[in-house]
Each structure stands twice: as structure tokens, then as C-alpha cells.
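Right, one structure below, let's go through it.
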Amino acid sequence: MSAKAETLLWVMQRASAAVLGLCVLVHLGTMIYAVRGGLTAAEILSRTRGSAAWLAFYTVFVLAISLHVPIGLRTVLGEWLGWRGAVRSGLLFLFALAMAFTGMRAVIGVYS
Amino acid sequence: MRNLALVHRLSGLALAVFLPLHFWALGQALDGEARLESFLRWTDQPLVKASEWAVVLLLAIHLTGGMRILMIEFLPWRDWQKTLAAVAAAAALAIGLLFALSSTAHAQAWPHKPVRFVVPFPPGGATDISARLLAQKLSEIWGQTVVIDNRGGAGGGVGAVEAAHAAPDGYTFFFPSGSVVTANQHIYAKLNYDPEKDFVPVTNVVSGPQVLVVAANSPYKSVQQLIDAARAQPGRLTFGHAGIGSQTHLAAENFVNAAKINAVQVPYKGEGPSLVGLIAGDTTFAVTNVAAAMSHIQGGRLRALGVTSKGEFAQLPGVPPIAKTLPGFENTGWFGIMAPTGTPKEIIQKVYLDTKKALESSEMRARFYVLGLAPVGNSPEEMGAAMKKETALWARVVKERKIKVE
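So the protein sequences, as listed, match chains U and H.
Note that this note's numbering gives residue 128 to position 98 of the first sequence, counting from 1, and the numbers run on in steps of one.
Note that this note's numbering gives residue 133 to position 79 of the second sequence, counting from 1, and the numbers run on in steps of one.
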């Protein structure tokens with residue numbers, strides 16, 4: 031892989047980490063607010079359903095995870111197992127797609 | 055530093071396994087019908103709870119390492135400052151997450167406090183009896199007390215207003231008899247609640263016929279004798295009921311209309327008090343719900359002359375159908391659950407499914423059977439459709455009978 035592509039992955043890894051740090055804090059704050067406010071799971075779901083803002087937030091959350099995890103795995107596989115090349119990249123790409131799919135399915139369940 | 059990077063990678067690997075599983079399980083739980091049910095079942099599983107804790111710890115560890123790495127790469131801080139900042143941030147995050155999770159474990163399952171059923175009639179009537187029987191069973195299922203709040207008056211209107219103004223948080227439900235939500239809007243010129251806008255259907259609990267009763271010492275021994283007496287002295291006979299617009303009022307009006315007699319209606323605050331008045335001789339007859347009259351009939355205080363079902367009613371052997379005297383006559387009453395508009399759909403669905411489950415138990419069926427009531431347990435959509443049909447019927451009857459309260 032070219033140096034340019036490696037750099038791009040490095041930037042994406044850091045950028046997604048920063049986004050995730052923020053998302054985790056918002057998610058945590060929401061949970062604390064909801065639980066301390068006495069909202070039940072049903073009430074929480076009734077508020078998230080139909081809300082475009084929550085849909086957008088959790089979509090960003092899931093997509094950031096789907097980006098961050100495979101890039102991290104790529105580094106670990108390369109450095110620890112010496113596994114590099116197109117097969118590794120292809121499998122990790124499929125893994126990223128699977129994570130995005132399952133994550134978005136959960137997000138849509140919370141939204142609709 | 056090297057150890058921190060190793061821990062960061064190991065926790066990252068564990069999260070790479072956990073997170074897809076977490077997404078998949080959550081997606082499965084939230085997919086399809088009865089979502090809340092499956093969601094709550096899912097979160098209640100010990101394995102899921104354990105994995106939630108594991109994810110929290112892994113996240114805290116992973117973020118600590120990640121923040122440390124970001125700081126080394128982007129911030130010109132000294133080593134010990136970076137480590138301290140990263141550990142403090144991660145500790146705060148972990149404590150917050152653990153706090154949120156432990157609280158969530160208590161708050162997720164509905165209901166987490168007593169649930170209130172507002173019954174718009176005083177104790178002793180069929181609405182009250184049905185609500186109490188169901189409440190007992192639902193209390194067992196939910197592990198929370200279901201409180202019966204009797205608010206009688208105005209033909210069910212007092213209780214309806216109380217329930218309509220309650221917070222739609224899933225902890226207050228309305229338990230009316232059918233006419234309170236299908237007939238009152240046609241009878242009362244001014245109604246302080248709107249059955250269609252203030253409530254949404256949950257499920258019809260039970261239905262059953264009514265029974266024409268007189269006091270045990272009454273001279274009337276049959277439906278025909280009562281009709282003959284009313285025709286001989288128009289406007290002298292009286293009938294008591296649970297309040298204007300109540301199911302027992304409309305059933306009696308239906309009978310009076312079919313028999314082509316003239317009798318004077320006497321409204322009470324509920325079905326129970328109307329039967330006490332009948333036994334005391336204050337009124338001549340009543341067309342009341344079997345559930346409310348059964349103990350009085352069995353106790354020899356009331357005499358049953360006829361039932362409003364098409365044929366003979368198994369729980370009242372020997373009592374002929376009114377239809378034998380007045381061909382084609384039939385009248386059915388029902389009692390159901392409604393929720394204040396805005397109540398979360400998931401809770402409505404859960405109440406419906408749990409009520410259905412409660413009604414399927416042989417113990418409940420037997421208890422309602424002896425009261426002359428048949429379990430229904432239909433869906434909110436089916437109940438809504440049936441109510442729409444019944445509302446149109448009562449609109450016509452009320453207009454024809456000129457029943458109006460200004």
C-alpha cells in the first residue's frame with residue numbers, strides 16, 4: 031500500500047477516535063439523563079423513535095466504529111502476525127461492512 | 055508506556071469481538087413485533103448484563119490508552135502530565151459508565167412502580183369487579199401492585215376526566231365500561247373529556263350479557279308480568295342504573311324501547327349503589343351486568359327475570375332470555391383498558407399482551423365465567439375498530455330515544 035494511503039488510514043484512525051470519544055460522552059450523558067429522570071426503556075425508545083437527530087447521531091457513532099475498529103485490527107494483524115496484502119485488506123473491508131450493517135440495523139430498530 | 059500500548063491493543067481486540075455481537079443482538083431484539091418484550095427479555099439475561107459490564111471496562115481501558123496515544127502525538131505535554139490526564143479522564147468515564155449501567159439495570163424494566171387503573175364507578179359494580187380480578191393477575195405478572203382508583207360520578211365522566219388528565223407515562227390506565235367511551239359523547243351536551251382524542255385503546259378485557267332483575271320481594275315473577283304492569287300504569291315503574299350514559303342505563307333504555315313501555319330512569323353513582331337501591335325497594339327493576347348482580351341473585355336478594363343474551367345463559371340456569379318475550383332483543387356489555395393519549399406504544403403493547411396472557415389462564419377464565427363474563431383480550435387495533443362501530447350504533451339509539459343531558 032502506498033505511503034499516501036497509509037497516511038490516509040492513519041488520519042482516519044485518529045479522526046474516528048476523536049469522534050468516538052465525543053460520541054461515547056454524549057451517549058453516556060444521555061443514558062445518565064434518561065435513567066436519573068426515571069425514564070424506562072420503553073419511554074427512551076418512544077423518544078428516540080422518529081427522531082432524525084438521534085438517527086443522525088447514532089449513525090455517525092456506528093460508522094465511526096465501523097471505520098476505527100477495522101483500521102486498528104489491520105495494524106495489529108500486520109505488526110503481530112505479519113499478515114499484510116490484499117486478502118487481509120479484503121477481509122477487513124468485509125468485516126467493516128458487516129459491522130456497519132449490524133450497527134445500522136440496531137440504529138434503525140431504535141429509530142423506527 | 056509499552057505496557058499501556060499493549061493493553062490498548064488487547065482491549066481493542068476484545069472490543070472488536072464484543073461490539074459486532076452487541077450490534078447484532080440489539081438489532082435482533084429490536085426487529086419485528088412486540089419489540090419492547092424482546093428488548094427487555096434481552097437486557098434481563100445474565101449473560102447480556104455481564105457483557106455490558108465487560109464492554110464498559112474494556113471501553114474505559116481502551117480509551118485510556120487511546121487518549122494517551124493521541125496526547126503523545128498531538129500535545130506537547132510532559133509525560134507524567136499526559137499520563138495523569140489520561141488516567142483521570144478514563145477513571146471519570148468508567149465511573150460514569152458504571153453508574154449509568156447500574157442505574158439502567160433498575161430502570162429498564164417497566165413497570166418499576168405501581169400501576170393505576172382508574173375505574174369510573176364506585177366499588178361493587180361489574181366494571182370494578184372486572185378491573186380488580188385482572189389487576190390481581192397483572193400484579194403477579196408484573197411484580198408491581200396494580201391499584202384500583204374508583205372515581206364514580208357523571209356516568210363515568212369523573213373517572214374519565216381523571217384518567218384523561220393523567221400523565222401518559224404508562225402508569226395510569228382507564229378501565230371503563232363500553233358506554234363511557236362509546237355513548238357518553240352523544241348523550242352529554244358538554245363532556246369534559248373526548249373519548250376519541252384523550253384515549254387510545256389497549257384491549258377489551260371481558261364482555262357479557264346483562265340481566266333484568268327485580269327485588270326478591272317484588273310481585274313481578276316474569277318479564278311479561280313486568281311489561282304488563284308498566285303498560286297498566288305508564289310512568290309509575292322506575293329503573294335504577296349506574297349513571298346517565300352508563301352501560302346499565304343504555305341496556306335498560308334498550309329494554310324499555312323494545313318493550314314499548316314508559317318507565318322512569320333513576321341514576322345512581324354506580325352499579326353497586328343502584329342494586330342496593332333496588333333491593334331497598336327504591337326502584338322497580340334494573341337491567342344490570344351479570345357480574346354485579348350474581349351474588350345478590352345467589353344470595354336471594356334479587357330475582358332474575360331474563361337475560362339479554364340471545365339464548366339461555368349457562369351461568370344463570372332457568373332464567374329465560376328476554377328475547378323469548380321480546381323476539382330479537384339482545385344487549386351486551388364490555389369492560390376494557392384504555393390509555394391516556396401519548397402513552398408509549400411499547401407499553402400499550404405490553405399491557406395488551408400481558409392482559410391477553412392473564413385472560414388465557416384457566417384460573418382467570420373460571421373466575422370470570424362464574425361472574426357471567428367472557429374474556430376477550432383483542433388487540434388495540436381490533437378494539438378500536440369495534441368501538442368505532444359501537445359508537446355509531448349508540449349515536450343512533452341515543453338520537454332515537456332522545457337521551458340528552460344538558
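Using N, Cα and C, we set each Cβ at its ideal position, and we do this for glycine too.
On a predicted model such as this, the values are computed, not experimentally measured, just so you know.
Legend entry - Alpha carbon of Ala28 of chain U to alpha carbon of Thr60 of chain U, nearest angstrom: Since the first residue of chain U shown is 31 and the last is 142, residue 28 of chain U is not available in this structure.
Inset, instruction - Look at Leu359 of chain H and Leu266 of chain H and say whether their C-beta atoms are less than 7 angstroms apart. - result: yes
Inset, instruction - In angstroms with no decimal places, state the Cα-to-Cα distance between Ala35 of chain U and Thr118 of chain H. - result: Near 27 angstroms, if we compare the C-alpha coordinates of Thr118 of chain H and Ala35 of chain U.
Legend entry - Neighbouring residues, chain H, relative to Gly133 of chain U (Cβ below 7 angstroms): Result: Phe77.
Inset, instruction - With DSSP as the reference, please indicate the residues paired to Pro273 of chain H in a beta bridge. - result: Pro273 of chain H pairs with nothing; no bridge assigned.
Inset, instruction - Could you say which of U:Phe91, U:Gly133, U:Arg44 and U:Gly80 lies nearest to Leu58 of chain U if we only look at CA atoms? - result: Checking every option, the nearest Cα to that of Leu58 of chain U belongs to U:Phe91.
Legend entry - Alpha-carbon spacing of Arg114 of chain U relative to Phe125 of chain U, whole angstroms: About 16 angstroms.
Legend entry - Beta-carbon neighbours of Gly51 of chain U, restricted to chain H and to distances below 8 angstroms: Simply Leu117, Gly120 and Met121.
Inset, instruction - With a 10 Å radius around its C-beta and 16 neighbouring C-beta atoms as the bar for buried, classify Glu87 of chain H as buried or exposed. - result: Note on Glu87 of chain H: pLDDT 48, under 50, position unreliable in the model; no value is reported.
Legend entry - Contact under 7 angstroms by Cβ, Ala305 of chain H with Asn246 of chain H: no
Inset, instruction - Count the other CB atoms, across all protein chains shown, that sit within 10 Å of the CB of Arg419 of chain H; report buried if there are 16 or more and exposed otherwise. - result: Arg419 of chain H comes out exposed.
Inset, instruction - Tell me, please, whether the CB atom of Ser76 of chain U is closer than 7 angstroms to any CB atom in chain H? - result: yes
Legend entry - Residue-chain proximity (Pro398 of chain H, chain U), Cβ-Cβ < 7 angstroms: Closer than 7 angstroms to some Cβ of chain U, the Cβ of Pro398 of chain H qualifies, so yes.
Legend entry - Three-state secondary structure assigned by DSSP to Tyr141 of chain U: helix
Legend entry - Reduced DSSP secondary structure (H/G/I, E/B, other) of Gln11 of chain H: A query on residue 11 of chain H cannot be resolved here, the shown segment of chain H reaching from 55 to 460 and no further.
Inset, instruction - Pull up the distance between the alpha-carbon of Lys442 of chain H and that of Glu194 of chain H, whole angstroms please. - result: Taking the straight line joining both Cα atoms gives about 33 angstroms.
Legend entry - Three-state secondary structure (DSSP) of Asn385 of chain H: Coil.
Inset, instruction - Rounded to whole angstroms, what's the CA-CA distance from Gln190 of chain H to Met392 of chain H? Just pull it up for me. - result: 18 angstroms
Legend entry - Identified DSSP bridge partners for Ser231 of chain H: H:Phe389
Legend entry - Alpha-carbon to alpha-carbon, Leu60 of chain H and Gly108 of chain U: 15 angstroms
Inset, instruction - Can you tell me the Cβ-Cβ gap for Ala148 of chain H and Val201 of chain H, rounded? I've got them flagged as a contact below 8 angstroms. - result: Their Cβ separation, rounded to whole angstroms, is 40 angstroms, which puts Ala148 of chain H and Val201 of chain H out of contact at 8 angstroms.
Legend entry - Beta-carbon proximity check, Thr337 of chain H vs Val320 of chain H, cutoff 7 angstroms: With a cutoff of 7 angstroms on beta-carbon distance, Thr337 of chain H and Val320 of chain H are scored as near each other.
Inset, instruction - Would you verify that the beta carbon of Glu129 of chain U is, or is not, closer than 7 angstroms to some beta carbon of chain H? - result: Inspection of the sequence shows that residue 129 of chain U is occupied by Met rather than by Glu. Closer than 7 angstroms to some Cβ of chain H, the Cβ of Met129 of chain U qualifies, so yes.
Inset, instruction - Kindly indicate the opening and closing residues of the beta strand (DSSP E) around Asn343 of chain H. - result: Phe339 to Asn343
Legend entry - Same chain, Cβ closer than 6 angstroms to Ala185 of chain H, neighbours up to 5 away in sequence not counted: Once the five neighbours on either side are set aside, the close Cβ partners of Ala185 of chain H are Phe171, Val173, Ile202 and Phe229.
Inset, instruction - Would you verify that the beta carbon of Ala136 of chain U is, or is not, closer than 7 angstroms to some beta carbon of chain H? - result: Judged by the 7 angstroms Cβ criterion, Ala136 of chain U is in contact with chain H.
Legend entry - C-beta neighbour in chain H for Gly108 of chain U, strict 7 angstroms: no
Legend entry - CA-to-CA distance, Glu435 of chain H to Ala161 of chain H, given in whole angstroms: Low per-residue confidence applies at Ala161 of chain H: pLDDT is 44, beneath 50, and the placement is therefore not dependable, though the value from the model is reported in the following sentence. Cα to Cα, Ala161 of chain H sits roughly 29 angstroms from Glu435 of chain H.
Inset, instruction - Check the Cβ-Cβ distances between Gly150 of chain H and every residue of chain U, and say whether any is below 7 angstroms. - result: By this cut-off, Gly150 of chain H is an interface position.
Inset, instruction - Specify the secondary structure class of Ile202 of chain H as computed by DSSP and reduced to three states. - result: strand
Legend entry - Residue-level contact to chain H via CB, Leu93 of chain U, 7 angstroms cutoff: no
Inset, instruction - Would you identify the three-state DSSP class for Arg469 of chain H, choosing helix, strand or coil? - result: Any question about residue 469 of chain H goes unanswered here, given that chain H covers just 55 to 460.
Legend entry - Cβ-based burial, Glu414 of chain H [other Cβ within 10 Å; buried from 16]: Here Glu414 of chain H is exposed: its Cβ has fewer than 16 other Cβ atoms, across all protein chains shown, within 10 Å.
Inset, instruction - Compare the C-beta of Gly66 of chain H with all C-beta atoms of chain U and state if any pair is closer than 7 angstroms. - result: yes
Inset, instruction - Would you mind reading off the limits of the alpha helix (DSSP H) that contains Leu171 of chain H? - result: The sequence shown places Phe at residue 171 of chain H, not Leu. That residue, Phe171 of chain H, is in no alpha helix (DSSP H); its beta strand (DSSP E) goes Val169 to Val173.
Inset, instruction - State the DSSP-derived secondary structure class of Lys443 of chain H, mapped to helix, strand or coil. - result: helix
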